[in-house]
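Novice: The structure that follows is given in the form of structure tokens.
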Amino acid sequence: MDFLAPLAAEIRKIPPVTRFLCISLVLVTIVTLMNLISMRYAFYHWTLVFGGLLGVEDGKIQIWRLWSSFFLGSRGLPFIFEIIMLYRTGHELESGPYLRASSDLTWQLFIACGAIIITSIPVNSFKFFHPLLLCLVYLSSRLAPPGAQVSLYGLITIPIIYFPYALLGMDLLNGGPKVAAQSLPGALIGHLWWWAIWSNDASMGGRGGPYVEYGRAPALVANWFGERRDGGTNAPGAGRGANSGSGVQVVPPRRRAEEGAPETHGHRWGADRG
75 MDFLAPLAAE IRKIPPVTRF LCISLVLVTI VTLMNLISMR YAFYHWTLVF
125 GGLLGVEDGK IQIWRLWSSF FLGSRGLPFI FEIIMLYRTG HELESGPYLR
175 ASSDLTWQLF IACGAIIITS IPVNSFKFFH PLLLCLVYLS SRLAPPGAQV
225 SLYGLITIPI IYFPYALLGM DLLNGGPKVA AQSLPGALIG HLWWWAIWSN
275 DASMGGRGGP YVEYGRAPAL VANWFGERRD GGTNAPGAGR GANSGSGVQV
325 VPPRRRAEEG APETHGHRWG ADRG
């Protein structure tokens with residue numbers, strides 16, 4: 075098994091939250107695609123998770139569905155693109171605005187996932203990977219450098235702030251109104267996440283959003299990651315750097331180019347949406 079050692083070493087280099095998200099996506103999707111476990115044991119339905127606690131007839135207490143339902147990816151080639159998008163978006167968040175604040179990202183992501191489940195009730199979703207991915211993309215697009223743009227398919231360039239809506243449009247074209255509606259809660263929660271934690275960015279001299287204090291991870295979670303709770307390493311914007319963005323090819327504003335800093339960040343998206 076020595077040939078696995080280099081792979082394990084590379085995996086350990088991935089920031090912890092991004093590593094958890096990507097491994098979960100691969101694990102849940104692969105075992106269900108290979109029929110090692112039926113997908114009916116992985117999707118979400120409230121009676122299968124909380125029904126037993128509420129005394130519902132035939133209700134269950136299958137808590138693992140709260141995890142597995144967020145990591146049921148697509149079939150075929152789109153699944154590869156989903157892995158790439160999740161990895162790069164998560165990595166750039168965790169190495170940018172959440173640098174040395176993985177515990178805060180974990181805590182806020184936990185709250186966001188709960189909110190996605192609740193807001194998905196009207197559209198009757200039983201799996202939540204697309205809204206989760208859209209939520210992360212929305213947040214990272216709002217944290218991208220001012221004036222940044224994204225290249226779609228290498229053909230057109232749009233302001234990065236519109237990138238989540240472009241993904242919603244792709245869902246509409248590929249899966250119809252129902253699929254787009256099931257992804258929409260991700261954009262909603264992504265916006266609320268940005269507003270609550272980052273709307274008055276601490277890196278710009280503010281104190282963060284109106285609910286930034288609630289976004290700080292409890293001491294138990296922070297200690298798990300070995301992070302301090304002194305308002306330093308975990309403050310909004312503490313890790314905000316030049317590489318913060320959404321995992322797309324960022325075209326810097328013209329003013330920066332004129333100042334001699336034409337650096338781009340990330341990579342191209344387009345076909346990666348599948």
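Sequential numbering of the sequence shown, starting at 75, is according to this note's numbering.
Backbone N, C-alpha and C fix where the C-beta goes; we use that ideal spot for every residue, glycine too.
Keep in mind that this is a model prediction, so the values were computed, not measured.
Do the stretch 114–125 and the stretch 138–150 touch if we need at least three Cβ pairs shorter than 8 Å?
Specialist: Yes, since at least three Cβ pairs between the stretch 114–125 and the stretch 138–150 fall closer than 8 Å, the two stretches touch.
Novice: Going by C-alpha to C-alpha distance, which of L101, A79, S257 and Y239 sits closest to S199?
Specialist: By 1-based counting over the sequence shown, the position of residue 199 is 125. Residue S257 is the option with its Cα nearest to S199.
Novice: DSSP on P219, reduced to helix/strand/coil?
Specialist: The count along the sequence shown starts at 1 and reaches residue 219 at position 145. Coil.
Novice: Threshold first: 3 residues or longer. Then list the beta strand (DSSP E) segments lying entirely within the stretch 218–287, N to C.
Specialist: As far as the stretch 218–287 is concerned, its whole beta strand (DSSP E) runs of at least 3 residues are 223–226 and 230–233.
Novice: Helix, strand or coil for R342? Go by DSSP, reduced to three states.
Specialist: Walking along the sequence shown from the start, residue 342 turns up at place 268. Note that R342 has pLDDT 39, beneath the 50 cutoff, so the model's placement of it is unreliable and no number is given.
Novice: Among Q182, L206, S177 and L246, which residue has its Cα nearest to the Cα of I191?
Specialist: Taking the sequence shown and counting its residues from 1, one reaches residue 191 at position 117. The residue with the shortest Cα to Cα distance from I191 is L206.
Novice: Could you check what DSSP says for E301 in three-state terms: helix, strand or coil?
Specialist: Residue mapping note: residue 301 aligns to position 227 of the sequence shown, counting from 1. Coil.
Novice: First and last residue of the alpha helix (DSSP H) that includes D178?
Specialist: If you number the sequence shown from 1, residue 178 lands on position 104. Unbroken alpha helix (DSSP H) run through D178: S176 to T193.
Novice: Along the alpha helix (DSSP H) that carries I97, what are the first and last residues, could you check?
Specialist: Taking the sequence shown and counting its residues from 1, the one referred to as residue 97 is at position 23. Where I97 is concerned, the enclosing alpha helix (DSSP H) stretches over P90 to L107.
Novice: For the alpha helix (DSSP H) containing S142, name the first residue and the last one.
Specialist: Taking the first residue of the sequence shown as 1, we reach residue 142 at position 68. Unbroken alpha helix (DSSP H) run through S142: R139 to S142.
Novice: Contact between the stretch 154–169 and the stretch 210–227: three or more CB pairs below 8 Å?
Specialist: With a cut-off of 8 Å, the stretch 210–227 and the stretch 154–169 count as touching, because enough Cβ pairs lie within range.
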